[in-house]
Amino acid sequence: MAKKFIIAIDLGGTNLKCALLDNNLKIKARNSFSTKSFDSQIKLVSGMTEAINSLILSQGLTKSVILGVGLGLPGLVDTFKGVVHFLPNIPGWKEVKLKRILELKTRLAVFIDNDVKLMSLAELKCGAAKGFNNCLCLTLGTGVGGGLIIGGKLYRGNDNAAGEIGHLPLNEFGPFCGCGAYACLEAYIGNTKLLKEARKLFGSRITLEKVSALAKQNNNPAKKFWKKAGSYLGQALAGSVNLLNLDAIIIGGGVVSAGKVLFTSVRQTISKRSMSVQAKRVRVFKAKLGPDAGLIGAGYLVKEMLLKGKRS
204 MAKKFIIAID LGGTNLKCAL LDNNLKIKAR NSFSTKSFDS QIKLVSGMTE AINSLILSQG
264 LTKSVILGVG LGLPGLVDTF KGVVHFLPNI PGWKEVKLKR ILELKTRLAV FIDNDVKLMS
324 LAELKCGAAK GFNNCLCLTL GTGVGGGLII GGKLYRGNDN AAGEIGHLPL NEFGPFCGCG
384 AYACLEAYIG NTKLLKEARK LFGSRITLEK VSALAKQNNN PAKKFWKKAG SYLGQALAGS
444 VNLLNLDAII IGGGVVSAGK VLFTSVRQTI SKRSMSVQAK RVRVFKAKLG PDAGLIGAGY
504 LVKEMLLKGK RS
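Take a look at the structure:
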């Protein structure tokens, strides 16, 4: 029987999303779970396995029609060895041979990568980065992740660890970061930090979505809140623009719902802090594929890795 489908998983610090993709990488079915319900490595692996199996069964399929499983994770991942080095915002994950573990549990081909690299791959193939040679893609959520596109291709670095803009230090001293360092960009504009600051300003029941809504209603404290976040982000991006002479920056993740006030602050800070030649070239866009980018990128990963396997 022909292998017609791919299972895609996007593991974030908040949710585990699982989807069934057809050969054209269109999502046919999906399910989602709270990451917090999996409070150990064993439970999370079991949750992934259950998500895969239940999705296949719910669609009346068998594993014989599944091409493979693509999995994006929020941290340092060795795609080619199938090892998770470290997940900054999910405890208990260091040097885990996740590809091998999941292949034994599911009896399917499994390929793993950093979640934002997969988002970047999807945006490059069919999203906002399509047609650009040199881009930085990033997502703003529980963590701040990045993916680099250099010369029209996803750039991984020798250890598959390139693109970690969320752990670019902004100051000599500053707040502690989940990666073990301090004063990283993520420590200033990760969701945990932003929500803590928002609750100081607006009360304990506020959500970041509500702060975004208030900003769009011209609420001045909300606008100042997102302008400050955009300034921190713009500072980090200005350094990247100077270093890489980028064509475009693609920003995704839940925080982009803040809209114009955030993007204006980012663009103004980049213009102010970057060198003039590089600043004139770079353009800043909202990610096109939204919350499904990681799932679509996981589908591309499966196809590309299997193609490489056939060539080798």
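Sequence positions in the sequence shown follow the numbering used here and run 204 to 515. All residues carry an ideal CB built from backbone N, CA and C; glycine is no exception. These figures come from a predicted structure and were not determined experimentally.
Check, Outcome
"Count the CB pairs spanning the segment 226 to 234 and the segment 405 to 419 that are closer than 8 Å, and state whether there are at least three.", "no"
"Could you check what DSSP says for P494 in three-state terms: helix, strand or coil?", "helix"
"Here's the rule: buried if 16 or more other CB atoms are within 10 angstroms of the residue's CB, otherwise exposed. What is I245?", "exposed"
"Does DSSP put G215 in a helix, in a strand, or in coil?", "coil"
"Do you know how far the Cα of K333 is from the Cα of F379?", "36 Å"
"Should M251 be listed as close to the ligand NAD, given that the test is whether its C-beta is under 7 Å from any heavy atom?", "This structure simply doesn't include the ligand NAD, nor any ligand for that matter."
"Indicate the three-state DSSP secondary structure (helix, strand or coil) for A461 in the structure shown.", "helix"
"What first and last residue would you give for the alpha helix (DSSP H) that runs through I304?", "L301 to T309"
"Specify the secondary structure class of K320 as computed by DSSP and reduced to three states.", "helix"
"Quick check on A386: does DSSP put it in helix, strand or coil?", "coil"
"Let me make sure I understand the geometry here. Which of L504, M508 and P277 has the alpha-carbon closest to that of L327?", "L504"
"Can you round the beta-carbon distance between T282 and I315 to whole angstroms, since I take them to be within the 8 Å contact cut?", "6 Å"
"Tell me the DSSP bridge mates of R233?", "A222"
"Examine the Cβ distances between the segment 475 to 494 and the segment 443 to 458 and report whether three or more of them are shorter than 8 Å.", "yes"
"Flag this pair as touching only if the segment 427 to 434 and the segment 462 to 471 have three or more C-beta atom pairs under 8 Å; answer yes or no.", "yes"
"Figure out for me which residue from Q438, V444, Q471 and G381 has the closest Cα to the Cα of G216.", "G381"
"Among P277, T309 and E412, which residue has its Cα nearest to the Cα of W296?", "P277"
"Under DSSP, the alpha helix (DSSP H) around V248 begins and ends at which residues?", "Q244 to S261"
"When you compare only the Cα positions, how much space is there between N422 and G250?", "41 Å"
"Alpha carbon to alpha carbon, how far is L290 from L258? Give it in angstroms, no decimals.", "25 Å"
"Helix, strand or coil: which one does DSSP assign to I473?", "helix"
"Using only CA atoms, which one of A390, K475, C387 and L341 lies nearest to G366?", "L341"
"Would G285 be called buried (16 or more neighbouring beta carbons within 10 Å of its own) or exposed?", "buried"
"Consult DSSP for K511 and reduce its assignment to one of helix, strand or coil.", "helix"
"Would you list, in sequence order, the uninterrupted beta strand (DSSP E) runs of no fewer than 3 residues that lie entirely inside the segment 382 to 431?", "none"
"Can you list, in chain order, the residues of its chain whose CB lies under 8 Å from that of S515, leaving out five sequence neighbours each side?", "Reliability of the predicted coordinates at S515 is poor, the pLDDT of 41 falling under 50, and no value is obtained from them."
"For a test of the three-state rule: what should DSSP assign to L264, helix, strand or coil?", "coil"
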